[in-house]
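Novice:
In the working numbering, the protein residues as written are 1 to 278.
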């Protein structure tokens with residue numbers, strides 16, 4: 001996703017510096033003119049706007065708050081935008097720390113997967129300073145079509161948790177519906193034609209349902225990362241005293257799916273767990 005997003009910024013004329021732990025993943029961007037940096041510190045020292053998308057909250061904390069991280073070395077007046085799905089509480093901690101150095105931060109997780117990133121049609125949920133958000137709107141607009149300011153620091157992450165909670169139960173429904181169609185002797189492709197445009201319609205049904213039928217479980221979004229997101233959502237819900245039975249069941253099923261060796265498959269591989277009734 002990050003490669004596609006950086007590519008859109010380059011196509012819009014922005015000079016782009018890139019860093020990733022595996023340089024080979026950035027080769028396409030480097031061939032198009034992006035400049036390589038050996039460390040996040042080097043990015044911080046050379047860029048006015050820094051966008052991150054990493055794997056886990058622990059990675060976010062290291063990249064932002066580590067001794068060689070962004071906050072310690074970014075220029076005064078710069079903007080740090082974390083588009084990782086991470087902890088709302090960590091987003092708030094980063095904002096407080098960065099503000100001491102007159103650095104603006106935004107938590108801006110996205111939804112739309114690999115397809116949304118490729119087509120620059122991501123939904124981007126933004127928390128942090130409203131003035132910083134407006135300053136960065138032109139950049140967000142190059143990567144997404146649904147860019148919404150949600151409120152103070154952490155609000156973008158809380159909104160993404162709402163997104164993941166809805167997906168968790170929704171994905172169970174998509175997989176169960178396809179399995180039901182198969183067991184009933186129906187043509188699942190025809191079933192999708194009937195139900196995707198009605199009240200049952202969803203992005204997952206229209207985009208991931210066909211992948212399931214083709215046996216294509218390549219990740220647009222990894223099972224292991226979805227489990228990480230559900231853990232964050234469950235922890236936040238518990239702190240708020242909120243009961244989330246659908247989320248709890250989905251987390252259990254995805255944990256079992258990962259135990260089947262599917263942690264690097266796409267989230268729609270849940271179909272395999274539900275098809276395995278043993």
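Beta carbons: idealized from backbone N, C-alpha and C, even for Gly.
To which residues of the same chain is residue 79 closer than 8 Å at the C-beta, ignoring the five residues directly before and after it?
Specialist: Position 79 of the chain shown, counted from the first residue, corresponds to residue 79. 48, 49, 50, 103, 104, 105, 106, 132, 135 and 136, listed in sequence order.
Novice: Could you say which of 251, 8 and 94 lies nearest to residue 28 if we only look at CA atoms?
Specialist: Against the chain shown, residue 28 aligns to sequence position 28. Selected option, being the one with the closest Cα: 8.
Novice: Pull up the DSSP beta-bridge partners for residue 146, would you.
Specialist: Numbered from its first residue, the chain shown carries residue 146 at position 146. Note: residue 146 sits in a beta bridge opposite 123.
Novice: In the DSSP output, which residue or residues are listed as bridge partners for residue 225?
Specialist: Here residue 225 is taken as the residue at index 225 of the chain shown, counted from 1. Bridge partners of residue 225: none, in fact.
Novice: Return helix, strand or coil for residue 279, following the three-state DSSP convention.
Specialist: Outside the displayed span of the chain (1 to 278) sits residue 279, for which this structure offers no information.
Novice: Determine the extent of the alpha helix (DSSP H) in which residue 271 is found, giving its start and end residues.
Specialist: Here the question's residue 271 lines up with position 271 in the chain shown. That run of the alpha helix (DSSP H) goes 270-275.
Novice: Which stretch, first to last residue, makes up the beta strand (DSSP E) that contains residue 79?
Specialist: What you label residue 79 is simply residue 79 of the chain shown in a count that begins at 1. First-last of the beta strand (DSSP E) with residue 79: 79-82.
Novice: For residue 35, which residues does DSSP report across the bridge?
Specialist: As a working mapping, residue 35 is identified with position 35 in the chain shown. Its beta-bridge partners are 17.
Novice: Under the DSSP definition of a beta bridge, which residues are partnered with residue 50?
Specialist: Working through the chain shown from its first residue, we reach residue 50 at position 50. Looking at the DSSP assignment, residue 50 forms a beta bridge with 80.
Novice: By DSSP's criteria, residue 105 is part of a beta bridge. Which residues make up the other side?
Specialist: Translated into the one-based positions of the chain shown, residue 105 becomes position 105. For residue 105, which the question treats as bridged, DSSP gives the partners 80.
Novice: Going by beta-carbon coordinates alone, are residue 270 and residue 172 separated by less than 8 Å?
Specialist: Along the chain shown, one-based indexing puts residue 270 at 270. Along the chain shown, one-based indexing puts residue 172 at 172. Yes. Within cutoff.
Novice: Name the DSSP beta bridge partners of residue 174, please?
Specialist: Position 174 of the chain shown holds residue 174. Bridge partners of residue 174: none, in fact.
Novice: Residue 265 to residue 232, Cα distance in whole Å?
Specialist: In the chain shown, the residue the question calls residue 265 occupies position 265. In the chain shown, the residue the question calls residue 232 occupies position 232. Straight-line Cα distance between these residues: approximately 20 Å.
Novice: Using a Cβ-Cβ cut-off of 6 Å (strictly less than) and excluding sequence neighbours within five positions of residue 155, which residues of its own chain qualify?
Specialist: One-based indexing of the chain shown puts residue 155 at position 155. Same-chain partners within the cutoff: 127.
Novice: For a test of the three-state rule: what should DSSP assign to residue 261, helix, strand or coil?
Specialist: For this step, residue 261 is matched to residue 261 along the chain shown. In the structure shown, residue 261 sits in a helix (DSSP, three-state: H, G or I).
Novice: Return the CA-CA distance between residue 174 and residue 262, expressed in angstroms with no decimal places.
Specialist: Taking the chain shown and counting its residues from 1, one reaches residue 174 at position 174. Taking the chain shown and counting its residues from 1, one reaches residue 262 at position 262. Roughly 18 Å between the two C-alpha positions.
Novice: Please report how far the alpha carbon of residue 218 lies from the alpha carbon of residue 165, in whole angstroms.
Specialist: For this step, residue 218 is matched to residue 218 along the chain shown. For this step, residue 165 is matched to residue 165 along the chain shown. Near 22 Å, if we compare the C-alpha coordinates of residue 165 and residue 218.
Novice: Return the bridge partner residues of residue 128 from the DSSP annotation.
Specialist: By 1-based counting over the chain shown, the position of residue 128 is 128. Residue 128 pairs with 106.
Novice: Just list the residues that DSSP pairs residue 154 with in beta bridges.
Specialist: As a position in the chain shown, residue 154 is number 154, starting the count at 1. Partner(s): none; residue 154 has no beta bridge.
Novice: Check whether the region 86-94 touches the region 114-122, taking contact to mean three or more Cβ pairs, one atom from each stretch, closer than 8 Å.
Specialist: Output reads no: the region 114-122 does not touch the region 86-94.
Novice: Is residue 141 helix, strand or coil by DSSP?
Specialist: Residue numbering aside, residue 141 sits at position 141 when the chain shown is read from its first letter. Of the three classes helix, strand and coil, the one that applies to residue 141 here is coil, per DSSP.
Novice: Suppose contacts are defined by Cβ-Cβ distances below 8 Å. Is residue 202 in contact with residue 157 by that definition?
Specialist: In the chain shown, residue 202 corresponds to position 202, counting from 1. In the chain shown, residue 157 corresponds to position 157, counting from 1. No, the pair does not count as a contact, with Cβ atoms beyond the cut-off.
Novice: Thinking C-alpha only, which one of 5, 212 and 204 is nearest residue 275?
Specialist: To locate residue 275, count along the chain shown from 1; it is residue 275. The shortest C-alpha separation from residue 275 is found at 212.
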